[in-house]
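Student:
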Amino acid sequence: MKLKDTKLTKDELKQKVDQYMIETYERFDFIAETAKDMYIYDEEGTPYLDFYAGIAVNSAGNCNEKVVAAVKDQVSDLIHTFNYPYTIPQVLLAEKICTNIGMDKIFFQNSGTEANEAMIKMARKYGVEKYGPDRYNIVTARMSFHGRTFGAMSATGQPDNACQIGFGEMTPGFSYADFNNLDSFKAAVNENTIAILIEPVQGEGGVHPATMEFMTGIRALCDEKGLLLLLDEVQTGWCRTGAIMSYMNYGVKPDIVSMAKAMGGGMPIGAICATDEVAKAFTMGSHGTTYGGHPVSTAASLAQITELLDRDLAGNAKEMGTYFMDKLKGLPHVKEVRGQGLLIGVEFEDSISGVDIKHGVMEKHLLITAIGKNIIRMIPPLIVTKEDCDQAYGIIESTVKELAFAN
Ligand SMILES: *Cc1c(COP(=O)(O)O)cnc(C)c1O
Numbered sequence: 010m011k012l013k014d015t016k017l018t019k020d021e022l023k024q025k026v027d028q029y030m031i032e033t034y035e036r037f038d039f040i041a042e043t044a045k046d047m048y049i050y051d052e053e054g055t056p057y058l059d060f061y062a063g064i065a066v067n068s069a070g071n072c073n074e075k076v077v078a079a080v081k082d083q084v085s086d087l088i089h090t091f092n093y094p095y096t097i098p099q100v101l102l103a104e105k106i107c108t109n110i111g112m113d114k115i116f117f118q119n120s121g122t123e124a125n126e127a128m129i130k131m132a133r134k135y136g137v138e139k140y141g142p143d144r145y146n147i148v149t150a151r152m153s154f155h156g157r158t159f160g161a162m163s164a165t166g167q168p169d170n171a172c173q174i175g176f177g178e179m180t181p182g183f184s185y186a187d188f189n190n191l192d193s194f195k196a197a198v199n200e201n202t203i204a205i206l207i208e209p210v211q212g213e214g215g216v217h218p219a220t221m222e223f224m225t226g227i228r229a230l231c232d233e234k235g236l237l238l239l240l241d242e243v244q245t246g247w248c249r250t251g252a253i254m255s256y257m258n259y260g261v262k263p264d265i266v267s268m269a270k271a272m273g274g275g276m277p278i279g280a281i282c283a284t285d286e287v288a289k290a291f292t293m294g295s296h297g298t299t300y301g302g303h304p305v306s307t308a309a310s311l312a313q314i315t316e317l318l319d320r321d322l323a324g325n326a327k328e329m330g331t332y333f334m335d336k337l338k339g340l341p342h343v344k345e346v347r348g349q350g351l352l353i354g355v356e357f358e359d360s361i362s363g364v365d366i367k368h369g370v371m372e373k374h375l376l377i378t379a380i381g382k383n384i385i386r387m388i389p390p391l392i393v394t395k396e397d398c399d400q401a402y403g404i405i406e407s408t409v410k411e412l413a414f415a416n
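All residue numbers for the sequence shown refer to my numbering, where the first residue is 10 and numbers rise by one.
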């Protein structure tokens with residue numbers, strides 16, 4: 010839908026936002042009307058260089074042609090029917106995902122938080138049924154982010170964050186340890202623990218990749234204590250980190266992995282994949298979903314994943330990620346550049362605000378995200394080129410210089 014078709018001005022539209030909408034995000038002051046590949050276009054046709062990709066979603070490019078065609082095709086055949094009959098894109102997608110990431114079984118959901126709920130539920134049911142009624146505790150990492158529904162929110166180790174303050178008690182069954190600190194996890198595990206849940210790269214927590222030593226140590230700890238390794242790959246999954254799944258960068262395999270964001274090419278979808286052994290915990294009636302495995306979302310996902318794999322966008326993520334991260338180290342007032350593939354965080358000195366950079370570069374038509382006080386995160390579509398990275402770098406550099414000068 011475009012502004013010119015509504016007979017409204019931009020200000021009138023914004024008035025309706027104020028009047029009717031519950032707002033929990035600070036908005037960019039433009040209307041996103043259309044998008045193609047690396048660009049989003051506003052109501053005047055101004056292009057914005059997209060280095061956030063709808064939060065690591067539009068990995069094969071905005072409005073990828075193959076994804077658009079798959080959606081149009083499926084939407085005219087069958088929009089929704091529920092999971093009583095078989096539907097074709099769902100089955101083909103299940104095979105595509107399981108065979109490409111080395112997992113046995115899949116269950117489809119609609120979002121990242123919902124996939125994590127399914128992962129938590131499956132692990133808890135597996136523990137209770139296999140070992141007894143008290144074996145359902147899950148150890149997660151401080152500064153993690155797992156989503157906004159109550160289970161995923163309680164798994165999120167950020168008691169001082171606005172995402173947890175004011176909601177009363179969190180769901181019991183979680184304890185927390187320090188990320189990248191194996192001893193801290195060893196100390197947090199007890200006789201009631203059934204699983205360890207971590208992100209391979211903490212995204213919302215400030216872009217902190219797990220070290221090789223930590224990830225392989227956690228896998229070994231799980232094996233030694235009979236624990237399940239649960240990986241939240243909602244942000245890292247599907248080629249973002251230079252491998253199809255981030256765990257492939259470490260040579261470890263999870264017992265359950267959750268995914269969402271990039272897998273749907275912009276359509277809402279999430280999933281968990283599990284080993285045969287653990288997947289048995291979900292039996293008739295023990296879990297379900299009205300929309301999970303939706304025909305249009307699974308058709309989009311099949312097209313998206315085919316694009317990501319056939320064009321080796323994991324390879325491009327690795328190459329461009331290395332190039333861009335090296336370059337970003339040359340920015341003024343930088344404290345640290347962190348990341349894996351094209352999930353990149355730049356932490357600045359305390360005097361430079363990440364939110365100010367985000368808004369500053371937006372004025373120059375570059376879109377990025379900010380986390381915490383002084384971190385910016387860049388998660389562009391994985392089709393990004395050197396020229397795009399150079400252009401983004403120039404805009405960030407001049408913005409940081411202006412902000413430093415204004416201080
Ligand atoms: C975005 C994100 C989620 C939540 O996904 P939604 O689709 O927004 O529910 C969960 N875990 C991680 C690591 C994420 O980045």
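The beta-carbon is built from N, C-alpha and C at its ideal position, and this holds for glycine as well. Everything numeric in this text was worked out from a predicted model, so none of it was measured.
With DSSP as the reference, please indicate the residues paired to Val-266 in a beta bridge.
Tutor: DSSP output for Val-266 lists Leu-240, Cys-282 as bridge partner(s).
Student: Kindly identify the DSSP beta-bridge partner or partners of Ser-407.
Tutor: Ser-407 pairs with nothing; no bridge assigned.
Student: Can you tell which of Phe-37, Thr-33, Asp-20 has its C-alpha closest to the C-alpha of Val-370?
Tutor: Selected option, being the one with the closest Cα: Phe-37.
Student: What are the residues that DSSP puts in a beta bridge with Gln-349?
Tutor: DSSP output for Gln-349 lists Leu-352 as bridge partner(s).
Student: Which ranges would you report for the beta strand (DSSP E) in the segment 189-230 if only whole runs of at least 3 residues count?
Tutor: Listed in chain order, the complete beta strand (DSSP E) runs (minimum 3 residues) inside the segment 189-230 are 202-207.
Student: Cβ atoms of Leu-391 and Leu-322: under 8 Å apart, would you say?
Tutor: In this structure, Leu-391 lies closer than 8 Å to Leu-322 by Cβ.
Student: In angstroms with no decimal places, state the Cα-to-Cα distance between Tyr-259 and Gly-226.
Tutor: Straight-line Cα distance between these residues: approximately 11 Å.
Student: Given a threshold of 16 other Cβ atoms within 10 Å of its Cβ, counted over all protein chains shown, does Pro-389 qualify as buried or as exposed?
Tutor: By the neighbour-count rule (16 or more Cβ atoms within 10 Å), Pro-389 is buried.
Student: Does the contact criterion of 3 or more C-beta pairs under 8 Å hold for the segment 339-346 versus the segment 26-40?
Tutor: No, because fewer than three Cβ pairs between the segment 339-346 and the segment 26-40 fall closer than 8 Å, the two stretches do not touch.
Student: I'd like to confirm something about His-217: is its beta-carbon nearer than 7 Å to some heavy atom of ligand 1, or not?
Tutor: No; taking the cut-off as 7 Å, the Cβ of His-217 has no heavy atom of ligand 1 nearer than that.
Student: Between Gly-63 and Met-387, what straight-line distance do the alpha-carbon atoms span, to the nearest angstrom?
Tutor: Taking the straight line joining both Cα atoms gives about 11 Å.
Student: Sorted by chain position, which residues of the same chain lie with C-beta nearer than 8 Å to Ile-40's C-beta, five sequence neighbours on each side aside?
Tutor: Excluding sequence neighbours, Ile-40 sits near Leu-12, Lys-19, Leu-22, Asp-51, Glu-52.
Student: Note down, one range per segment and in chain order, each beta strand (DSSP E) of at least 3 residues found wholly within the segment 276-347.
Tutor: Listed in chain order, they are 279-283.
Student: Sorry if obvious, but does the Cβ on His-303 come closer than 7 Å to a heavy atom of ligand 1?
Tutor: No.
Student: Whole angstroms are fine: how far does the CA of Gly-275 sit from the CA of Asp-113?
Tutor: About 25 Å.
Student: Any idea what DSSP makes of Ser-255, helix, strand or coil?
Tutor: Ser-255 falls in the coil class under three-state DSSP.
Student: Once you ignore the five residues that flank Thr-180 on each side, which residues in its own chain have a CB closer than 7 Å to its CB?
Tutor: Excluding sequence neighbours, Thr-180 sits near Phe-159, Gly-160, Ser-163.
Student: Hey, could you find the ends of the alpha helix (DSSP H) Ala-78 is sitting in?
Tutor: Run containing Ala-78: 74-86, per the alpha helix (DSSP H) assignment.
Student: Quick check on Arg-386: does DSSP put it in helix, strand or coil?
Tutor: Of the three classes helix, strand and coil, the one that applies to Arg-386 here is strand, per DSSP.
Student: Please classify Ala-171: does DSSP put it in a helix, a strand, or coil?
Tutor: Ala-171: coil per DSSP, three-state reduction.
Student: Which of helix, strand or coil does DSSP assign to Leu-17?
Tutor: In this structure, Leu-17 counts as coil in the three-state DSSP scheme.
Student: I need the boundaries of the alpha helix (DSSP H) containing Tyr-140, first residue and last residue.
Tutor: From DSSP, the alpha helix (DSSP H) with Tyr-140 extends over 121-140.
Student: Roughly how many angstroms separate the alpha carbons of Phe-194 and Ser-360, rounded to a whole number?
Tutor: One C-alpha to the other measures close to 34 Å.
Student: How long is the line joining the alpha carbons of Ala-288 and Gly-251, rounded to whole angstroms?
Tutor: Roughly 28 Å separates the two Cα atoms.
Student: I'd like to confirm something about Phe-357: is its beta-carbon nearer than 7 Å to some heavy atom of ligand 1, or not?
Tutor: The answer is no for Phe-357.
Student: Give me the residue from Tyr-135, Gln-173, Pro-168, Thr-315 with the minimum Cα distance to Leu-239.
Tutor: Of Tyr-135, Gln-173, Pro-168, Thr-315, the residue nearest in Cα terms is Tyr-135.
Student: State the beta-bridge partners of Arg-151 as determined by DSSP.
Tutor: In the DSSP output, where bridge partners are listed per residue, Arg-151 has Gly-166.
Student: Do Ser-120 and ligand 1 come close, with the Cβ less than 7 Å from some heavy atom?
Tutor: Checking every heavy atom of ligand 1 against the Cβ of Ser-120, one is found closer than 7 Å.
Student: Considering only the alpha carbon of each residue, which of Lys-130, Asp-397, Thr-298, Gly-111 lies closest to Ala-204?
Tutor: Checking every option, the nearest Cα to that of Ala-204 belongs to Lys-130.
Student: Could you pull out every residue in the same chain whose Cβ sits closer than 6 Å to the Cβ of Ile-281, ignoring the five residues on either side in sequence?
Tutor: Closer than 6 Å at Cβ, skipping near neighbours: Phe-116, Ala-124, Ala-127, Met-128, Ile-265, Ser-267.
Student: For Pro-56, which residues of its own chain have a beta-carbon under 7 Å away from its beta-carbon, when the five flanking residues on both sides are left out?
Tutor: Contacts found: Tyr-48, Tyr-50, His-374.
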